[in-house]
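Read the structure below first, then the notes.
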Amino acid sequence: RAVAARVAASATAPGRLRVHGGLAASAASFASSSSPFMARGARTRADAFAIAAKRMAKQTKSPNRRARAAAASFRETGLDDELCAATDALGLETPTDIQSVAIPRILRGGNYMIASHTGSGKTLTYLLPIIHRIRREENATVGGGRARPKRPRVLVVSPTRELAEQVAGVAKSLSHHARFSSALVIGGDKFATQRTQLDRSLDVVVGTPGRLVKHVKEGNMYLGRVTHVVLDEADTLFEAGFGDDIRVLLGPLQKKPEGKSCVIVSATMSDKVVKTIEEDLPGIEKIDTPSLHRAAPNLKHKFVDCPGSIDKMAVVTQLIEGDFRAGKKTMVFANTMPSCQAVEYALVEAGLPVVMYNGDMTSEKRAESMEAFVSAAAEDNSLVVMVCTDLAARGLDFGGDSKSKVDHVVNFDFPMNAVDYLHRSGRTARAGAPGKVTNLVAKKDRVLAGEIDVAVKLGNPLDGATSSKIVAEARLRKEILARKAARAIGRGGRGESRGGRGRSSSRGGRGGRGGR
1 RAVAARVAAS ATAPGRLRVH GGLAASAASF ASSSSPFMAR GARTRADAFA IAAKRMAKQT
61 KSPNRRARAA AASFRETGLD DELCAATDAL GLETPTDIQS VAIPRILRGG NYMIASHTGS
121 GKTLTYLLPI IHRIRREENA TVGGGRARPK RPRVLVVSPT RELAEQVAGV AKSLSHHARF
181 SSALVIGGDK FATQRTQLDR SLDVVVGTPG RLVKHVKEGN MYLGRVTHVV LDEADTLFEA
241 GFGDDIRVLL GPLQKKPEGK SCVIVSATMS DKVVKTIEED LPGIEKIDTP SLHRAAPNLK
301 HKFVDCPGSI DKMAVVTQLI EGDFRAGKKT MVFANTMPSC QAVEYALVEA GLPVVMYNGD
361 MTSEKRAESM EAFVSAAAED NSLVVMVCTD LAARGLDFGG DSKSKVDHVV NFDFPMNAVD
421 YLHRSGRTAR AGAPGKVTNL VAKKDRVLAG EIDVAVKLGN PLDGATSSKI VAEARLRKEI
481 LARKAARAIG RGGRGESRGG RGRSSSRGGR GGRGGR
């Protein structure tokens, strides 16, 4: 209740019952009124706040090691002058939290599991120190550290071609300052062209697991010189069934006695994935930031209750029309292909320009949609809305400049779990920019939406949110009982103290009653 009171006191405006905006706009109603998202078992919203605060306190006790003194500049991380010049050219003045913590550690070598929220700059977090290390190895080894055909020293493995293309683009921008060579090897591109690329002297190869393994098996690439492997969006890699391919690519590295490094990167890390990684890489060091599994602080969340009587198509159309008038760039997420197509049809019927992005499209069509969306701007009347599935939710960075950044994410279908919510909402509010996510919440989504709603308001990690009504209510009842027991113990202690004082006084009546 104290937590709820403090948060409510900071509110500047009363909240709404069915549409919850930011913390300040809804804390008062959260602490004092009912909500369509509040789980059973909490008598008041204050109970829900206190319970969530207790849960947050438990979940934030992380055993992971973090750097005691974070670097305030890229130069302080230990990077050489060439790479610092590269960050200057990219317009980056100071490292993000995860960059300031992780770059100095990766520079020292070893295996690391890096987890940080979407948009925190994880690609540069691993590329910068790894490029630094291979450049130093060149200078320290006479002839042995130079690039060779078919024999890269760095492998970056990505689950999708789009993410691999993005990483390769960042590597290319760095190579203008710190000279090294790189190649992109992804499924869907011409195999013969990739073979020719691999025949050249190479330092870094970025690719998708299936295509990388195929080139290894056909003798187009050898892994004997690989000293650094990065698994980007590792949770997706393992959950998508790429485990066997990853072990093929990691095998030669694991046999090296020293001078090797494996970096595992993701915005979310499930317990199952962490266990798999720890089995393959015993002793791997975990690096995260306090923002892990939390929504970006500059992201506004709105939950719109949509019972059966509400036309979701009308709601999403109205939202997008408002965004177009305001010149905002918007993504609309759907859970299934039929739902995705239905949203596209409704928006087109309303006269709104739409591009699609989903797994049923060819890679070329997806690339065209991405280019149209990223380059669109209100100034030249080229603004479009992207209607997509979760394929667009992970790893993709739409840029941080005012033209390409995403302003608004709309969950037409509420995500199936909290991890998907984190990834979808992470397409906006990146690199410190403001953003907004609007969620259309059907009756079946209320349990998960309610848990996420509470977690967001308290800055709680979202990965513990559940969509199971039974689990949510059981957990809530258990925590309420624990709080009642704690109160009872406190009252009992005070009663004994008063009784003790009564027995020691000259007035025996109260002492007698206390004795009974």
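Residues in the sequence shown are numbered from 1 upward in steps of one, following full-length UniProt numbering. Every residue, glycine too, gets a C-beta built ideally from N, C-alpha and C. A quick note: this is a predicted structure, and the numbers were derived from the prediction, not measured.
- Item | Beta-bridge pairing of residue 115 - partner residues as DSSP gives them | Residue 115 pairs with 266, 288.
- So does the region 230 to 248 actually touch the region 260 to 279, counting three or more Cβ pairs closer than 8 Å? yes
- Query: Is it the case that the Cβ atoms of residue 158 and residue 167 are separated by a distance below 9 Å?
  - Reply: yes
- Task: Have a look at residue 368 and residue 257 and give me their C-alpha separation to the nearest angstrom.
- Result: 45 Å
- If residue 216 sits next to residue 122, beta carbons under 8 Å apart, how far is it from one beta carbon to the other, in whole angstroms? Contact flag wrong, Cβ pair sits at about 26 Å.
- Return the chain-ordered list of same chain residues with a C-beta closer than 6 Å to the C-beta of residue 386, the five sequence neighbours on each side being excluded. 331, 355, 357, 373
- Query: So does residue 363 have its beta carbon nearer than 8 Å to some heavy atom of the ligand FMN?
  - Reply: This structure does not include the ligand FMN; it has no bound ligands of any sort.
- Tell me whether the beta-carbon of residue 437 lies closer than 9 Å to the beta-carbon of residue 293. no
- Query: Are residue 134 and residue 154 touching if we call contact CB-CB under 9 Å?
  - Reply: Yes, they are a contact pair.
- Item | Whole runs of the beta strand (DSSP E) within the region 304 to 342, excluding any shorter than 3 residues | 330 to 333
- Query: Is the CB-CB distance between residue 162 and residue 337 below 9 Å?
  - Reply: The answer is no: Cβ separation not under 9 Å.
- Please go through the same chain and pick out, in chain order, the residues whose beta-carbon is closer than 7 Å to the beta-carbon of residue 88, but skip the five residues on each side of it. none
- Task: Return the CA-CA distance between residue 323 and residue 74, expressed in angstroms with no decimal places.
- Result: 37 Å
- Three-state secondary structure (DSSP) at residue 428? strand
- Item | Distance, residue 415 Cα to residue 268 Cα | 15 Å
- Query: When you compare only the Cα positions, how much space is there between residue 203 and residue 175?
  - Reply: Between the C-alpha atoms of residue 203 and residue 175 there is a straight-line separation of about 11 Å.
- Message: For a quick check, are the C-beta atoms of residue 71 and residue 100 less than 9 Å apart?
- Response: yes
- Query: Ends of the alpha helix (DSSP H) at residue 408?
  - Reply: Not the alpha helix (DSSP H): residue 408 falls in the beta strand (DSSP E), residues 408 to 411.
- Query: Can you tell me the Cα-Cα spacing of residue 388 and residue 228, whole angstroms?
  - Reply: 34 Å
- Is it buried or exposed for residue 348, if we count other Cβ within 10 angstroms and need 16 for buried? exposed
- Run through DSSP, which three-state label would residue 160 get? coil
- Task: Keeping to the same chain, check which residues put their C-beta closer than 6 Å to that of residue 263; ignore five residues upstream and five downstream.
- Result: 112, 126, 230
- Message: In chain order, what are the residue ranges of uninterrupted beta strand (DSSP E) at least 3 long that sit wholly in the region 196 to 261?
- Response: Those beta strand (DSSP E) runs which fall completely within the region 196 to 261 and span 3+ residues are 204 to 207, 228 to 231.
- Item | For residue 396, the nearest candidate out of 449, 233, 351, 317 (CA to CA) | 233
- Tell whether a beta-carbon distance below 9 Å holds between residue 328 and residue 408. yes
- Test item: CB-CB of residue 205 and residue 183 under 9 Å: yes
- Query: Quick one: is residue 495 buried, meaning 16 or more other Cβ sit within 10 Å of its Cβ, or exposed?
  - Reply: With a pLDDT of 47 at residue 495, under the threshold of 50, the predicted position of this residue should be treated as unreliable, and no value is reported.
- Would you grab the beta carbon distance between residue 333 and residue 453 for me? Rounded to a whole angstrom, and I think it's under 8 Å. The Cβ separation is near 18 Å, so there is no contact.
- Message: According to DSSP, is residue 389 part of a helix, a strand, or is it coil?
- Response: coil
- Contacts around residue 242, its chain only, beta-carbon distance under 6 Å, and the 5 residues preceding and following it disregarded: The beta carbon of residue 242 is closer than 6 Å to those of 209 in its chain, skipping five residues each way along the sequence.
- Item | Nearest-angstrom Cα separation, counted from residue 281 out to residue 418 | Computed Cα separation, rounded: 27 Å.
- When we look at the beta-carbon of residue 381 and count the other beta-carbons within 10 Å, is it buried (16 or more) or exposed? exposed
- Message: At the level of alpha carbons, what is the spacing between residue 110 and residue 284?
- Response: 8 Å
- For residue 219, which option in 79, 207, 199 has the closest C-alpha, if you only look at C-alpha atoms? 199
- Pairwise C-alpha distance: residue 440 and residue 411: Cα to Cα, the separation comes out at about 6 Å.
- Please state if the CB of residue 252 and the CB of residue 223 are separated by a distance shorter than 9 Å. Yes, these two residues count as a Cβ contact at 9 Å.
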